[in-house]
Structures are given as C-alpha cells and as structure tokens.
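**Q** Here's a structure for you.
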Amino acid sequence: MVKVKKIAALLLTAAILAGLCACSGKEAASAGEEGSSAETEQNETVGTITEDKDTQGQEMNTGSGSKDNNAASQESGPMSIKVFCINEDATQMKEETVEIEALSPENVLNALIEKEVVPADTSILSLKESEKDGEKVMDVDFNQVFGDYMNGKGTADEYLIMGGICNTFLGAYGCDKIHIMVEGEVLTTGHKEYTGYQNFYE
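All the letters of the sequence shown, read from the start, carry residue numbers 679 to 880 under the numbering used here.
See below:
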C-alpha cells in the first residue's frame with residue numbers, strides 16, 4: 679500500500695514538472711515572437727525613413743536642374759541696354775534704356791540707328807572681343823557708309839557720334855576699351871585718326 683502511494687506521488691510530481699516545462703516553453707516562444715515582431719517593425723521604420731530621405735534628395739536635385747535651365751534661358755533672351763544718343767540741340771549725349779531681343783552686334787547697332795546716332799545703311803562687318811594688358815577690349819569694323827558719314831561731320835558732331843557708339847557698345851558688352859575701324863582700316867576723318875583703343879566717353 680505504501681509503495682502504491684509512493685508511485686502515485688512520483689507520477690503526480692512528474693505531471694506537475696511536465697506542466698511547468700510546457701508553460702515555460704510557451705512563454706519563451708511568445709517572447710521570441712514578440713522580439714521578432716518588434717525587430718521587424720523597427721527595420722520597416724528605418725526603411726521608411728531612408729526612403730523618405732532618398733525621395734527628398736531627388737526633389738532637391740530636380741529643383742536645382744530647373745533653376746540652371748531657367749538661368750540659361752534668361753541669359754540668352756531679351757535684355758536691356760543703355761543707348762548713348764545725342765540730345766535735341768546736339769550739344770551733349772544722353773542715355774536711353776532700350777530692350778533688344780538678344781546681345782548681338784546687329785541688335786546693338788539697330789538700337790543706335792533707331793536713335794539716329796548713325797545712318798540706317800550702316801552695318802558692322804565684324805566684332806571681336808579679346809583681352810589686352812589685363813583689360814577686356816573689343817574691335818568693331820564698320821562698312822564704308824559709316825566712314826563717309828563721319829567724314830561729313832564737324833568736330834563737335836563727330837565727338838558726340840563716336841562717344842555714343844563707344845559708350846553703347848562698351849556698356850552692352852561690358853568691355854573696357856573699343857577700337858573702331860572702317861573696312862578693316864584705320865578710321866580717318868578730317869579731324870582725327872582713330873588708330874588705337876578708346877575709353878568710355880565722359
């Protein structure tokens with residue numbers, strides 16, 4: 679009888695231990711699942727942040743590109759220049775701001791023609807920009823019509839016309855000095871030979 683009681687006690691103890699082990703296993707598995715789920719959520723969150731940063735970088739790059747394109751189109755488009763023309767009583771130069779389609783020798787010359795600084799059939803044969811002694815200079819070659827026009831002017835008119843041309847081209851192109859020629863030769867009038875570079879007329 680005593681042996682039977684001992685066996686029953688042992689079986690009961692074994693059953694209790696087995697139950698405890700099963701519970702511990704379930705808790706461990708549950709804890710493992712929770713840890714795995716938390717790690718997965720954290721990784722997903724980090725991935726989302728990284729993706730957002732990448733998207734932001736793409737938007738910034740796109741904006742920069744558009745800005746550069748706009749700047750380039752503005753530089754090649756219409757612009758304002760100052761035309762130095764002659765006042766009503768032909769005693770001095772005056773400034774007038776005009777719009778041109780783009781910076782070119784023809785457009786600058788046309789602005790001077792419209793303000794009656796030079797005759798309508800004046801044309802530019804060439805315009806060259808270069809650097810000399812650390813200064814930005816330009817050489818402008820006119821046709822013979824301009825040379826004949828200058829030869830028919832008095833000293834005061836010649837000064838105002840030459841000043842209007844020099845100042846207008848120097849301002850438009852941002853140069854320091856300008857050399858005016860006619861048909862590739864030195865411009866010679868009844869008053870002066872324009873052999874070298876000229877500065878801005880005051």
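Ideal Cβ positions, reconstructed from N, Cα and C, are used throughout, including at glycine.
It should be emphasised that the depicted structure is a prediction, and the values quoted were computed from it without experimental measurement.
#1: When you compare only the Cα positions, how much space is there between Gly755 and Glu774?
#2: What first and last residue would you give for the alpha helix (DSSP H) that runs through Glu836?
#3: By Cβ distance, which residues of its chain are closer than 6 angstroms to Tyr827, with the 5 residues on each side in sequence left out?
#4: Once the 5 residues before and after Gln876 are set aside, which same chain residues still bring their CB inside 6 angstroms of it?
#5: How many angstroms separate the CA atom of Asp835 from the CA atom of Gly812?
#6: Between the alpha carbons of Asn721 and Leu781, how many angstroms are there, rounded?
#7: Here's the rule I'm using: 16 or more other beta-carbon atoms within 10 Å means buried, otherwise exposed. How should Thr846 be labelled?
#8: Return the bridge partner residues of His857 from the DSSP annotation.
#9: Would you check if the distance between the CB atom of Asp854 and the CB atom of Lys814 is smaller than 7 angstroms?
**A** Walking through what the data contain:
#1: On the sequence shown, position 77 is the one that residue 755 refers to. On the sequence shown, position 96 is the one that residue 774 refers to. Distance between the alpha carbons of Gly755 and Glu774 is about 20 angstroms.
#2: To locate residue 836, count along the sequence shown from 1; it is residue 158. Start and end: 833–851.
#3: Residue mapping note: residue 827 aligns to position 149 of the sequence shown, counting from 1. Within the same chain, Tyr827 has close Cβ partners Pro797.
#4: Taking the first residue of the sequence shown as 1, we reach residue 876 at position 198. For Gln876, where only same-chain residues beyond five positions count, the Cβ hits under 6 angstroms are Cys844, Ile856.
#5: To locate residue 835, count along the sequence shown from 1; it is residue 157. To locate residue 812, count along the sequence shown from 1; it is residue 134. When rounded, the distance between both Cα atoms is 32 angstroms.
#6: Within the sequence shown, numbered from 1, the residue matching residue 721 stands at position 43. Within the sequence shown, numbered from 1, the residue matching residue 781 stands at position 103. Unreliable placement is indicated for Asn721, whose pLDDT of 46 sits below 50; no coordinate value is reported for it.
#7: In the sequence shown, residue 846 corresponds to position 168, counting from 1. Flag for Thr846 reads buried.
#8: Working through the sequence shown from its first residue, we reach residue 857 at position 179. Note: His857 sits in a beta bridge opposite Asp817.
#9: The residue given as residue 854 occupies position 176 in the sequence shown. The residue given as residue 814 occupies position 136 in the sequence shown. Going by C-beta atoms, Asp854 is nearer than 7 angstroms to Lys814.
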